[in-house]
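What follows is one structure encoded as structure tokens, with my remarks underneath.
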Amino acid sequence: MLLWFQSRKKLTIILLTALLFTTAIIAIASGPVSISPGLVFQSVLKKSLSSLGLNTINETPQFLRTIIFEIRIPRVILALLVGASLATSGVIFQALFKNPMADPYIIGVSAGGALGASVVLLLGFSFSFLGLSSVSIFAFIGSLLAAYTVYMIARVGGKVPVSSLLLSGIAIGSFLSAVMSFLMVLKGEGLHAIVFWLMGGLSAKGWAHVNMFYPFFIIGFFFAMLHVKDLNIILLGDERAAQLGVEVEKVKRKMLILGSLLAAAAVSVSGLIGFVGLMTPHIVRLIIGPDHKYLLPVSTLGGAIILLSADTVARVALAPSEIPLGIITALLGAPFFLMLLKGRRETFWERSAR
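Going by numbering that gives the first Met the number 0, the sequence shown opens with residue 0, and the numbers climb by one from there.
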């Protein structure tokens with residue numbers, strides 16, 4: 000039975016990996032200018048062989064190559080990275096808070112990022128650094144500062160109680176949202192740009208954003224995988240985990256840093272995209288169980304696929320216009336969230352009746 004369950008988990012990873020590549024090819028092929036998936040695959044293959052020093056003749060027209068390699072592939076990669084990062088961060092925070100309702104924005108990362116972006120859009124700070132806009136830079140800094148502030152407020156005697164962290168996150172998030180609203184009242188000229196940014200999206204993003212993002216994802220995912228056993232044990236409770244040899248506060252601190260970095264990087268390039276970090280771990284738990292050795296990588300794959308699929312729908316549903324990505328994820332995630340709440344309520348009443 001155990002062997003069958005492990006093989007099922009490995010099969011899930013293989014199938015999701017295949018689905019990810021298939022979804023990516025379809026996403027690259029989809030858009031106002033339709034390109035056949037076969038031509039996309041052929042162009043990418045020849046480009047890859049050429050980069051390895053093999054002489055190949057790419058017969059794809061130049062304008063299509065520009066669309067594929069300069070517009071769509073960067074966006075597809077970025078969608079995969081953002082989705083994977085949000086899902087990974089969601090798994091981390093749900094384990095730390097021992098709460099399936101936790102998401103990557105629970106400690107104020109979203110509010111900090113929104114305030115940082117709002118300052119730029121309202122006050123007109125316009126500059127670029129390494130190809131990144133001032134909006135992305137300020138959103139990233141704001142997200143990290145918010146997470147750091149929440150951590151320092153929640154810290155008591157060298158320890159960080161989960162309840163204090165949660166309450167601090169709610170308080171700081173509310174305060175930063177109020178500051179942002181106040182700025183919007185004072186200077187309403189950039190209101191449309193702020194609202195559009197808050198709804199999330201990956202339009203006008205290119206290789207510079209990919210190059211900025213992927214180091215954070217690699218570092219976050221790699222170090223999170225090193226602590227999957229600790230995350231499993233922490234679910235038993237802090238005292239029990241300490242008895243089993245886990246340095247609870249040290250692991251908490253590391254995981255908070257990793258989860259915050261992943262969420263901040265996602266917010267900085269995509270704005271606020273909800274539900275991916277919340278619902279992906281739940282879906283994966285239903286399939287492969289709660290073991291973080293498999294839950295973390297499978298959630299990462301699942302988040303990447305979900306967000307890429309949502310972004311593809313956002314691009315093509317009303318082409319050439321584009322639907323904000325956050326609207327698509329909310330339309331998908333809100334019904335799931337309601338079903339989750341309904342299931343928890345029914346479980347509560349069943350237990351109460353016993």
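Every residue gets a Cβ at the ideal spot worked out from N, C-alpha and C, and that includes glycine.
Identify whether SER162 lies in helix, strand or coil by the three-state DSSP scheme. What you label residue 162 is simply residue 163 of the sequence shown in a count that begins at 1. Note: SER162 maps to helix in three-state DSSP.
Where ALA146 sits in the DSSP three-state scheme: Locating residue 146 in the sequence shown gives position 147, where the first residue counts as 1. Looking at ALA146 - three-state DSSP - the assignment turns out to be helix.
Which term fits HIS226, buried or exposed, when burial requires 16 or more other beta carbons within 10 angstroms of its beta carbon? In the sequence shown, counting from the first residue as 1, residue 226 sits at position 227. Burial of HIS226 is indicated by the presence of at least 16 other C-beta atoms within 10 angstroms of its C-beta.
Relative to the alpha-carbon of LYS9, which residue among LEU294, PRO334, ILE326 has its alpha-carbon at the smallest distance? The count along the sequence shown starts at 1 and reaches residue 9 at position 10. Among LEU294, PRO334, ILE326, the Cα nearest to that of LYS9 belongs to LEU294.
What does the Cβ neighbour count give for GLN61, buried or exposed, with the cut at 16 atoms within 10 Å? In the sequence shown, residue 61 corresponds to position 62, counting from 1. That one is exposed.
Using three-state DSSP, classify PHE212 as helix, strand or coil. As a first step, residue 212 is located in the sequence shown; it is residue number 213 there, counting from the start. Three-state DSSP puts PHE212 in a helix.
Beta-carbon contacts of ILE435 that lie in its chain and below 8 Å, excluding the five residues immediately before and after: Missing from the structure shown is residue 435; the chain here goes from 0 to 353 and no further.
Which residues bound the alpha helix (DSSP H) around ASP310? Position 311 of the sequence shown, counting from 1, holds the residue named residue 310. Here the alpha helix (DSSP H) through ASP310 covers 291–315.
Where ILE12 sits in the DSSP three-state scheme: Here residue 12 refers to the residue found at position 13 when the sequence shown is read from its first residue. Three-state DSSP puts ILE12 in a helix.
Count the other CB atoms, across all protein chains shown, that sit within 10 Å of the CB of PRO323; report buried if there are 16 or more and exposed otherwise. Here residue 323 refers to the residue found at position 324 when the sequence shown is read from its first residue. So PRO323 counts as buried.
At which residues does the alpha helix (DSSP H) containing THR123 begin and terminate? One-based indexing of the sequence shown puts residue 123 at position 124. The sequence shown places Gly at residue 123, rather than the Thr named in the question. For GLY123, there is no enclosing alpha helix (DSSP H), as DSSP gives it neither H nor E.
Considering ASP237, what are the terminal residues of the alpha helix (DSSP H) in which it resides? By one-based count along the sequence shown, residue 237 stands at place 238. Looking at the DSSP string, the run of the alpha helix (DSSP H) that includes ASP237 is 237–242.
Give me whichever residues DSSP pairs with SER132 in a beta bridge. Here residue 132 corresponds to residue number 133 of the sequence shown, with the count starting at 1. BP columns for SER132 point to SER127.
Is the stretch 75–89 close to the stretch 138–145, with three or more CB pairs under 8 Å? The stretch 75–89 makes no contact with the stretch 138–145: fewer than 3 CB pairs, one atom from each, lie closer than 8 Å.
Which of helix, strand or coil does DSSP assign to VAL245? Mapped onto the sequence shown, residue 245 falls at position 246. The three-state secondary structure of VAL245, taken from DSSP, is coil.
What is the DSSP secondary structure of VAL118, reduced to helix, strand or coil? The residue given as residue 118 occupies position 119 in the sequence shown. Reduced to three states, the DSSP call for VAL118 is helix.
What does VAL354 pair with, by DSSP beta-bridge criteria? With the chain covering only 0 through 353, there is no way to say anything about residue 354.
According to DSSP, is ALA333 helix, strand or coil? Your numbering for residue 333 matches position 334 in the sequence shown. Of the three classes helix, strand and coil, the one that applies to ALA333 here is helix, per DSSP.
Check whether the Cβ atoms of ALA146 and GLY115 sit closer than 7 Å, and answer yes or no. Translated into positions along the sequence shown, residue 146 becomes position 147. Translated into positions along the sequence shown, residue 115 becomes position 116. If you check the CB distance, ALA146 and GLY115 do not come in under 7 Å.
Nearest candidate by alpha-carbon position, reference VAL108, set ALA309, GLY276, GLY236: For the purposes of this step, residue 108 is taken as the residue at position 109 of the sequence shown. Of ALA309, GLY276, GLY236, the residue nearest in Cα terms is GLY276.
I'd like the list of long-range same chain contacts for TRP206, defined as Cβ closer than 6 Å, with 5 residues on each side in sequence excluded. Here residue 206 refers to the residue found at position 207 when the sequence shown is read from its first residue. Excluding residues within five positions, the ones whose Cβ falls inside 6 Å are PRO73.
Spatial neighbours of ASN231 within its chain, please: C-beta separation below 7 Å, excluding the five flanking residues on both sides. Numbered from its first residue, the sequence shown carries residue 231 at position 232. Counting only residues of its own chain and dropping the five nearest sequence neighbours on each side, ASN231 has a CB closer than 7 Å to the CB of ASP290, HIS291.
In the DSSP output, which residue or residues are listed as bridge partners for VAL155? Taking the first residue of the sequence shown as 1, we reach residue 155 at position 156. BP columns for VAL155 point to LYS158.
Return the chain-ordered list of same chain residues with a C-beta closer than 6 Å to the C-beta of PHE335, the five sequence neighbours on each side being excluded. To locate residue 335, count along the sequence shown from 1; it is residue 336. Counting only Cβ-Cβ distances below 6 Å, and skipping sequence neighbours, we find MET278.
With a cut-off of 8 Å on the beta carbons, I'd call PRO280 and VAL90 a contact; round off their distance for me. Numbered from its first residue, the sequence shown carries residue 280 at position 281. Numbered from its first residue, the sequence shown carries residue 90 at position 91. The C-beta distance from PRO280 to VAL90 rounds to 5 Å, short enough to meet the 8 Å contact threshold.
In its own chain, which residues sit with a C-beta less than 8 Å from the C-beta of ILE34, not counting the 5 before and 5 after it? By one-based count along the sequence shown, residue 34 stands at place 35. Cβ within range, chain order: ILE27, ALA28, LEU63, ILE66, ILE67.
Check whether SER125 and SER133 have beta carbons under 7 Å apart: Residue numbering aside, residue 125 sits at position 126 when the sequence shown is read from its first letter. Residue numbering aside, residue 133 sits at position 134 when the sequence shown is read from its first letter. Cβ atoms of SER125 and SER133: closer than 7 Å.
Between SER269 and GLY199, is the Cβ-Cβ spacing less than 7 Å? Walking along the sequence shown from the start, residue 269 turns up at place 270. Walking along the sequence shown from the start, residue 199 turns up at place 200. For SER269 and GLY199, yes; Cβs fall inside 7 Å.
HIS208 Cβ short of 6 Å to the ligand COA heavy atom set: Among the components of this structure there are no ligands whatsoever, and the ligand COA is therefore not found.
May I have the straight-line CA-CA distance separating LEU48 from LEU38, to the nearest angstrom? Within the sequence shown, residue 48 is the residue found at index 49, counting from 1. Within the sequence shown, residue 38 is the residue found at index 39, counting from 1. If I take the Cα positions, the gap works out to 15 Å.
Using 10 angstroms around the beta-carbon of PHE181, count the other beta-carbons present and answer buried if the total reaches 16, otherwise exposed. As a position in the sequence shown, residue 181 is number 182, starting the count at 1. Exposed, by the Cβ-count rule.
Would you mind reading off the limits of the alpha helix (DSSP H) that contains SER50? Counted from its first residue, the sequence shown places residue 50 at position 51. From DSSP, the alpha helix (DSSP H) with SER50 extends over 36–50.
Check whether ALA110 and GLY172 have beta carbons under 7 Å apart: The residue given as residue 110 occupies position 111 in the sequence shown. The residue given as residue 172 occupies position 173 in the sequence shown. Cβ atoms of ALA110 and GLY172: closer than 7 Å.
Return the residue from the list ILE305, ALA316, SER50 that minimises the CA-CA distance to LEU18. On the sequence shown, residue 18 is found 19 positions in, with the first residue counted as 1. Proximity to LEU18 across ILE305, ALA316, SER50 peaks at ILE305, based on C-alpha coordinates.
How about LEU77 and LEU201: do their beta carbons lie closer than 7 Å? One-based indexing of the sequence shown puts residue 77 at position 78. One-based indexing of the sequence shown puts residue 201 at position 202. In terms of Cβ geometry, LEU77 and LEU201 form a close pair [threshold 7 Å].
Contact criterion: CB-CB distance below 7 Å. Does PHE20 meet it with respect to chain D? The structure shown contains no chain D, having only a single protein chain.
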